[in-house]
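> In the UniProt record's numbering, the protein residues as written are 1 to 403. Think of the CB as a built atom: it goes at the ideal place given N, C-alpha and C, for glycine as much as any other residue.
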């Protein structure tokens, strides 16, 4: 075997040329242990039955597929929202954390470790840990601790210990670095509940498999409610867990267009953004080869989005592959477009969306003229906007001052 060939096990860690396991030797044992747990525990009937009951009775699945009557009439095509915002804890994140917390319990480890940006993954992890009787530690960038103070309080009320990270840009990237260092030191007792489809193998696969319930439900609900598969499935992409959860079921259905929407920051030339597919280059971040925002010398660039959950300089490797293979379309919208879409959904349909999800809706509104009349368009509404009211309040105040 030459050095270009991979074994079957190595190949499973990759999506095209992206993915892999680029980590210090000290992280190999817990990653290998996790792979083994996925192969043995997660496929067992006992685990699958318990997870299915938790998703139904605790998370509240299936989440509705809601046709927006007012916007559909205005747009000339059927706009559906996959209402992940109605899940327990208010976002898609809980699908993943309930699964990983249950796996942690089956693995016999007492501590659940997490990182968070917008705070939704931290809340979802703290929730799952409390319900399973696990200790919970959450790393969070100090900047995000301030931006998402209500979610910090929610995590603490649920019994989690929140660890502010003061290094770097004090956002999600730095929180992830700190959590990985903690895991290396405490791997015997601790499972690292990674919050997105990023990181070293097997995390991108593990998180995708736990989020794929979103797409399975969209398929069944679209066939039942609309009489066919969607023509478009649209989702915002930071790390990309809600998007891959919505897309995965349809990867082999060529008639279904998969649209990932990245955050373009302010949209000004040279601004900081989170559009790692559109503006990035291949490189290694947090243990996998993917598309990321970096200098020519390989230094990670600061990222930015008005939506804290999209504020990450990389993307899940499966998205990088979907883009490179041409199966997925990856676009970007800026902060102002997302805020406009946020306001539109509030006023037209009485739904306050997360700023992350507003990016996906903004793409649909911006491209309404190129979407054929009568199309079925599904936007994955990944979370609710309560957590973002402080950010929106600041924007409204700033606009009043400028007026």
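Quick check on the burial criterion: 16 or more other C-beta atoms within 10 angstroms. Buried or exposed for residue 369?
exposed
> Looking at the secondary structure, which residues open and close the alpha helix (DSSP H) in which residue 30 lies?
Counted as a single uninterrupted DSSP element, the alpha helix (DSSP H) harbouring residue 30 occupies residues 28 to 40.
> Below 8 Å between beta carbons: does that hold for residue 218 and residue 93?
no
> Please classify residue 211: is it buried, with 16 or more other beta-carbons within 10 angstroms of its beta-carbon, or exposed?
buried
> Assign residue 194 to one of three DSSP states: helix, strand, or coil.
coil
> Which residue wins for smallest C-alpha separation from residue 61, given the options 188, 214 and 162?
214
> Assign residue 230 to one of two classes, buried (16 or more other C-beta atoms within 10 Å of its C-beta) or exposed (fewer than that).
Buried, by the Cβ-count rule.
> Please determine, among 129, 45, 114 and 256, the residue with the shortest C-alpha to C-alpha distance to residue 326.
256
> How big is the Cα-Cα spacing for residue 1 and residue 37?
Summary for residue 1: the model assigns pLDDT 40, below 50, so the residue's position carries little reliability, and this model does not support an answer.
> So, using beta-carbon positions, are residue 336 and residue 265 closer together than 8 Å?
no
> For residue 346, which residues in the same chain have their Cβ closer than 6 Å to its Cβ, ignoring the five residues on either side in sequence?
352
> Closer than 7 Å by C-beta to residue 396: which residues in its own chain qualify, once you throw out the five before and the five after it? Chain order, please.
none
> List the DSSP bridge partners of residue 333.
263
> Kindly list the residues whose CB is nearer than 8 Å to the CB of residue 58, restricted to its own chain and excluding five residues on each side of it in sequence; keep chain order.
88, 98 and 131
> According to the Cβ coordinates, are residue 246 and residue 237 closer than 8 Å?
For residue 246 and residue 237, no; Cβs fall outside 8 Å.
> Between the Cα of residue 333 and those of 365, 403, 313 and 137, spot the shortest distance and give me the residue it belongs to.
365
> Could you tell me which of 381, 371 and 377 sits nearest to residue 359, measuring between CA atoms?
381
> Which of the three DSSP states is assigned to residue 343 in this structure?
helix
> Can you give me the start and stop residues for the beta strand (DSSP E) that residue 114 sits inside?
111 to 116
> From this set, 362, 13 and 331, which residue's C-alpha is nearest residue 340's C-alpha?
362
> Quick one: grab the DSSP three-state call for residue 361.
helix
> Just to confirm, is the Cβ distance from residue 122 to residue 128 under 8 Å?
no
> In three-state DSSP terms, what is residue 235?
strand
> Flag residue 207 as yes if its beta-carbon sits less than 8 Å from any beta-carbon of chain D, otherwise no.
The structure shown has no chain D; it contains just one protein chain.
> To the nearest angstrom, how far is it from the Cα of residue 267 to the Cα of residue 50?
45 Å
> Please return the same chain residues whose Cβ sits closer than 7 Å to the Cβ of residue 248, not counting the five positions on each side in sequence.
208, 212 and 215
> Is it right to say residue 252 is buried, meaning 16 or more other beta carbons lie within 10 angstroms of its own, or is it exposed?
exposed
> Could you please give me the residues that DSSP links to residue 288 through a beta bridge?
285
> When you compare each of 54, 27, 85 and 161 to residue 102 by their alpha carbons, which one comes out closest?
54
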